[in-house]
Amino acid sequence: MLQTIAQWNSWLNGYVWGTPMMVLLIGTGLLLTVLTGAIQFTRLGFALKEVLGKVFQRGGGKGDVSPFQAVSTALASTVGVGNIAGVATAIYLGGPGALFWLWVSGLLGMCTKFAEIVIALYYREPDASGAMRGGAMYTLRKGLKLPWLGWIFALLTSLAAFGIGNMVQANSVADSLHASFGVPVVATGIAVAVVTAIVILGGIQRIGEVTSILVPFMAIFYLAGGLLIIVLFGGQLPHVLGLVFRGAFTGSAATGGFAGATIMMAMRYGIARGLFSNEAGLGSAPMVHSAADTDHPVRQGMYGIFEVFVDTILVCTTTGLVILVTGTWNSGLTGAALSAKAFEVGLPGTWGDIVVTGGILLFSFSTLIGWSYYGETAIVYLLGTKVTLPYRLLWIVFIYLGATGSLHLVWDIADTLNGLMAIPNLVSVLFSIPLLLKLKKEFFQKNG
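Each number in the working numbering comes from the position in the sequence shown (counting from 1) with 165 added on.
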């Protein structure tokens, strides 16, 4: 039975994260870039000023958390194991050229994330308890009159959350601590469940407060370690960048593929892992951005541009360059093991292991608390606010189960469900483009 489920899921996953979906996601990003006048480039300075200049300010509108707390929670969810293991897998399978296509997915994803947040903010509404809720399901129901498709999106989100945002993350923490320091997985499961409970039982306000401190710390911690290696191996940068650009357009040897990996392999794995990491187009982040205290949807959309910039252009790029400059990309290793090897080679003593293990610990924990809110929003949409507390308690139980179990099939199924979220979400975005352009014009007429 399990083998049959695994085979069926593998077939479906090939389509969900295959070429058709990549074309749809990248095509959407490209279309939105053209229609918005490449807002992720022309307004990047505005976005950085808006986020970094107003870290401690409220937004002046209706919402439960500050705009910065909202983007911190979204980043907590997207900056995860994919930034460490996913980038390594892309390079292993697609060669150095995969990093270039990862950049492409990030640059276009910045515009997609902007669009889906703006639209979600416009259609958000308070739930029965007064908390602000939003996301593709609300857009599909209120804006496009497709409540059945909104229901499907919410169901996919609620199921994917327990896998990709819960059990898989807990398992990564437990495995990493056991491998590096010999910590029993049961102890890790209990500890992570307790700490997560302290955070998520306080609702989105406490989640926002924690992530607004945790996310900047973990990003600086990981980026500092990676940047130090890049500086130490700076002499390799010209050669490495040559490999990246040549591999992107001519193909290159990739350990996990075959001698002379094709351009399509570099493109496929780079784009897929980039989108998996930043979640642009999947519809996850708009759910927490909809809780932001902001005066205009477009203003919060600027935080989406910043979000993908940090996740893909900064964090993923750091992982990729560390793997390439240390020469470990063709070592035969893949996933987190390859990233760990690169940091071990790059930093003296045990510092490399500390950076990678610490990164996995912090990134996974932040994803646990961020995705808990996504799943909660979806289940509240489906069943009402009465399930809020039971859902949070169930989330805590599944953390322990994830930390102590074997999750290959769970990971694969959750990966498929996560990708399927993109279909109803992209419907909500593409059919709301006129509204998006109207809101954009309205905002910048008043704000330069």
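All C-beta atoms, glycine included, are put in the ideal place defined by N, C-alpha and C.
Got a sec? Which residues, its chain only, sit under 7 Å from residue i by beta carbon, not counting five neighbours each side?
i: residue 319; result: 302, 543, 546 and 547
i: residue 431; result: 259, 260, 262, 263, 266, 412, 413 and 416
i: residue 190; result: 440, 446 and 587
i: residue 421; result: Confidence at residue 421 is low in this model, with a pLDDT of 48, below 50, so the placement of that residue is unreliable and no value is reported for it.
i: residue 355; result: 565
i: residue 245; result: 334, 528, 529 and 532
For residue i, count neighbouring C-beta atoms within 10 Å of its own C-beta (all shown protein chains included) and say buried if the count is 16 or more, exposed if not.
i: residue 378; result: exposed
i: residue 554; result: exposed
i: residue 455; result: buried
i: residue 579; result: buried
i: residue 172; result: exposed
i: residue 176; result: exposed
i: residue 180; result: exposed
i: residue 283; result: buried
i: residue 429; result: exposed
i: residue 290; result: exposed
i: residue 329; result: buried
i: residue 232; result: buried
i: residue 613; result: exposed
i: residue 363; result: exposed
i: residue 605; result: buried
i: residue 279; result: buried
i: residue 457; result: buried
i: residue 607; result: exposed
i: residue 334; result: buried
i: residue 611; result: exposed
i: residue 351; result: exposed
i: residue 199; result: exposed
i: residue 217; result: exposed
i: residue 585; result: buried
i: residue 188; result: exposed
i: residue 201; result: buried
i: residue 210; result: exposed
Whose C-beta lies closer than 6 Å to the C-beta of residue i among residues of the same chain, with five residues either side of it excluded?
i: residue 314; result: 305 and 589
i: residue 527; result: 383
i: residue 367; result: none
i: residue 358; result: 561, 564 and 565
i: residue 508; result: 517, 520 and 521
i: residue 309; result: 596
i: residue 236; result: 468 and 472
i: residue 434; result: 255, 258, 259 and 263
i: residue 615; result: Outside the shown range of the chain, which is 166 to 613, sits residue 615, and nothing can be said about it.
i: residue 139; result: Absent from the model: residue 139. The displayed extent of the chain is 166 to 613, so no value can be given.
i: residue 452; result: 300, 539 and 542
DSSP on residue i, reduced to helix/strand/coil?
i: residue 171; result: helix
i: residue 506; result: helix
i: residue 464; result: helix
i: residue 586; result: coil
i: residue 219; result: coil
i: residue 348; result: coil
i: residue 605; result: helix
i: residue 310; result: coil
If you drop the 5 nearest sequence neighbours on each side, which residues of the same chain put their C-beta closer than 8 Å to that of residue i?
i: residue 423; result: In this predicted model, residue 423 has a pLDDT of only 46, less than 50, meaning its place in the structure is not dependable; the value taken from the coordinates is given anyway. Here the set comprises nothing.
i: residue 174; result: 574, 577, 578 and 581
i: residue 514; result: none
i: residue 249; result: 484, 501, 504, 521, 524, 525 and 528
i: residue 203; result: 276
i: residue 360; result: 530
i: residue 405; result: 261, 486, 489 and 490
i: residue 388; result: 479, 480 and 483
Legend entry - the segment 241–252 contacting the segment 373–385, beta-carbon criterion three pairs below 8 Å: yes
Legend entry - Stretch pair the segment 434–445 + the segment 461–477: three plus CB contacts closer than 8 Å: yes
Inset, instruction - Assess, as a yes-or-no matter, whether the segment 289–308 is touched by the segment 589–599 under the definition of 3 or more beta carbon pairs within less than 8 Å. - result: yes
Legend entry - Whole runs of the alpha helix (DSSP H) within the segment 240–292, excluding any shorter than 4 residues: 252–259 and 262–288
Legend entry - Entirely enclosed alpha helix (DSSP H) segments - the segment 376–460, minimum 4 residues: 402–415, 428–443 and 450–454
Legend entry - Contact between the segment 500–509 and the segment 291–298 (3+ Cβ pairs under 8 Å): no
Inset, instruction - Count the CB pairs spanning the segment 454–472 and the segment 485–497 that are closer than 8 Å, and state whether there are at least three. - result: no
Inset, instruction - For the segment 185–218, list the alpha helix (DSSP H) runs that are entirely contained and at least 4 residues long, ordered along the chain. - result: 204–207 and 209–217
Inset, instruction - Determine, using beta-carbon pairs with one atom in the segment 252–271 and one in the segment 480–491, whether at least three such pairs fall under 8 Å. - result: yes
Inset, instruction - Count the CB pairs spanning the segment 336–355 and the segment 510–525 that are closer than 8 Å, and state whether there are at least three. - result: yes
Inset, instruction - State whether the segment 394–402 contacts the segment 325–340, with contact taken as three or more CB pairs (one from each stretch) at a distance under 8 Å. - result: no
Inset, instruction - Would you list, in sequence order, the uninterrupted alpha helix (DSSP H) runs of no fewer than 4 residues that lie entirely inside the segment 483–535? - result: 500–511
Inset, instruction - Quick one: which unbroken alpha helix (DSSP H) runs of 4-plus residues sit fully inside the segment 310–339? Chain order, please. - result: 312–327
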